[in-house]
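Worksheet: the structure to be examined is printed underneath.
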Amino acid sequence: MRLSRYFLPILRDTPKEAEIISHRLMLRAGMIRQQAAGSYTLLPLGLRTLNKVNAIIREEQNRSGAVELLMPTIQSAELWRESGRYDAYGKEMLRIKDRHEREMLFGPTNEEMITEIFRSYVKSYRELPLNLYHIQWKFRDEVRPRFGVMRGREFLMKDAYSFDLDQAGAVHAYNKMFVAYLRTFERLGLKSIPMRADTGPIGGNLSHEFIILAATGESEVFCHKDFLEFPVPPADVNFDDVAGIQGIVNKWTSLYAATSEMHEEAAYQAIPEASRVSARGIEVGHIFYFGTKYSDPMGATVAGPDGKDASVHMGSYGIGPTRLLAAIIEASHDEAGIIWPEAIAPFTVSLLNLKVGDAAVDGVCAELYAGLTAAGIDTLYDDRDERPGAKFIVNDLIGSPWQLIVGPKSLGEGKVELKRRATGERELMSPAAALDRLAGASRP
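Here you go:
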């Protein structure tokens, strides 16, 4: 993509309403624009990043055996009355009526709707286990939306819902999502720690939040420092191996880790002092097992092996992709701007032409741009007629993992400069060597 033809509305000054780093940087880097309190347009740079986050989430959900569908945003109030949650949910739910005065709502979550879909089609235990997920917009009327997309009213969520014949099957479904989440967050460049958590309005008696540590995190969390060194399960993990998956979960829950709501000071103090971690954390995922909380009142049953009707056991599993954009920036930035993990960077390489109009510089940039594009590397070619300093500021701000800098001085020696955004490390090399280096770095 040529930057001269791209829509990238960079802001020079930080808007006053931006209270945290991610909100400031997303506004300044032209990723989002606020349309109303807690509601944002994802501008092209933000949407590119979000699409890459979603792709990784989908890959790991599919790998675990979950099946994707897409449910509507507007739901019937009658479904929520069946579960008993319509009146109990609170003012966060946006309640509306259609032209026929039918009561509707903008879905804050989808337990009722997925249960209705399940009971309409699944009749036998032979069709279990089943895990259905979607990535869809949600609305929760927060009393004070703040921190940009970290806590907005309208947000994108990945919701998965598992259905099993009994508790043992449901626990295995829960464990599979537990492992899939560990893998997902690592691929997004995050070190997540699963922590015991409150189940909140979703309900249930088993729940973990996946927390990343960040100085600007929302709340205080407590854990054993060894979590930071635990290896994440590999890509070839066998999700059908009940004992193996349980063993991974056992390891990741063997040490103390809890959010402030679930914190037990005595248990925390039992950890050797050198191994205690008390820090700020950001929730990036939340999983629940809630048994028959929804299937019982909504009549979601299947014929069991004995021919009798049995209520299915359910769980739900959420990741907020829009929230993740902010969380990743909170965990990965410096004074100059964003530092994107390569897997989700909107552009892997920023190609900087430091003297537009110079025949030699233009020619080498054109060759490099063509080579990078042919290699399948997402490249933003800064071909604007701007001074070099302005280009460095913009490209540091948007956080491409690599900057390939072409100027007349280094090119006079047959060299271009390759800069790694995360470390600031710079290296002079031939254009061909730079292309080879970037092509190798982009391979999984």
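Each residue of the sequence shown is one higher than the one before, starting from -3 at the first, in this note's numbering.
For glycine and all other residues, C-beta sits at the position ideal for the given N, C-alpha and C.
Bear in mind the structure is a predicted one, so any value in this text is a computation, not a measurement.
Check whether residue i and residue j have beta carbons under 7 Å apart
i	j	result
Pro317	Leu21	no
Pro293	Glu78	yes
Tyr121	Ala156	no
Leu347	Leu400	yes
Leu4	Leu23	no
Leu393	Ala25	yes
Leu251	Asp222	yes
Asp137	Glu88	yes
Gly61	Phe226	no
Leu407	Ala356	yes
Pro190	Trp133	no
Tyr313	Met173	yes
Leu315	Lys154	According to the sequence displayed, residue 315 carries Ile and not Leu. Against a cut-off of 7 Å, the Cβ pair of Lys154 and Ile315 comes out as a contact.
Leu101	Gln71	yes
Val217	Gly277	yes
Ile92	Arg183	no
Ala322	Val145	yes
Ile16	Phe143	yes
Leu424	Lys415	no
Ile244	Pro230	no
Gly372	Gly333	no
Pro404	Asp354	yes
Pro427	Leu364	yes
Buried versus exposed, by CB contacts within 10 Å (16 or more), residue i
i	result
Val63	exposed
Leu434	buried
His19	buried
Tyr285	buried
Arg81	buried
Arg383	exposed
Trp336	buried
Asn246	exposed
Asn391	buried
Tyr117	exposed
Cys219	buried
Arg417	buried
Thr69	exposed
Ser271	exposed
Leu446	Outside the shown range of the chain, which is -3 to 440, sits residue 446, and nothing can be said about it.
Gly42	buried
Gly103	buried
Ala253	buried
Gly420	exposed
Beta-carbon proximity list for residue i, same chain, < 6 Å, skipping 5 on both sides
i	result
Glu56	Ala176, Arg179 and Thr180
Lys387	Leu348 and Asp378
Glu260	none
Glu112	Leu75
Arg296	Inspection of the sequence shows that residue 296 is occupied by Ala rather than by Arg. Thr111, Phe114, Arg115 and Val308, listed in sequence order.
Ser158	Asn127, Ala169 and Gly311
Asn106	Met67 and Asp155
Asp374	Phe343 and Thr344
Leu161	Tyr121 and Leu124
Glu108	Leu75, Trp76 and Ser79
Gly199	Low per-residue confidence applies at Gly199: pLDDT is 49, beneath 50, and the placement is therefore not dependable enough to give any value.
His282	Glu205 and Gly314
Per DSSP, the bridge partner or partners of residue i
i	result
Arg276	Glu216
Ser72	Met100
Ser346	Leu376 and Gln399
Pro301	Partner(s): none; Pro301 has no beta bridge.
Leu284	Before going further, note that residue 284 is Phe rather than Leu in the sequence given. Phe284 is bridged to Ser203 and Ser312.
Pro229	DSSP, once it has assigned bridges, lists no residue as partnering Pro229.
Ile208	Ser188 and Ile278
Lys415	Gln399 and Arg422
Gly130	Here the sequence assigns His to residue 130, which means Gly is not the residue at that position. Partner(s): Asp155.
His329	Ile334
Ala307	Note that residue 307 is Ser in the sequence shown here, rather than Ala. Note: Ser307 sits in a beta bridge opposite Thr297.
Ile92	Met100
Gln163	DSSP output for Gln163 lists no bridge partner at all.
Tyr36	Gln30
Phe135	Glu150
Arg142	Arg147
Ser120	Ala299
Glu64	Tyr129
Same chain only: Cβ atoms within 7 Å of residue i, ignoring 5 sequence neighbours per side
i	result
Pro141	Ala33, Gly34, Arg147, Gly148 and Arg149
Gln242	Asn171
Close Cβ partners of residue i (< 8 Å) along its chain, the five nearest in sequence each way excluded
i	result
Asp379	Arg(-2), Leu(-1), Ser0, Asn349, Val352 and Cys361
Ile389	Ala332
Original post:
If you pair each beta-carbon of the stretch 331 to 341 with each one of the stretch 164 to 172, do three or more pairs fall below 8 Å?
Top reply: no
Subject >> the stretch 203 to 220 / the stretch 309 to 328 touching (three or more Cβ pairs under 8 Å) >> reply: yes
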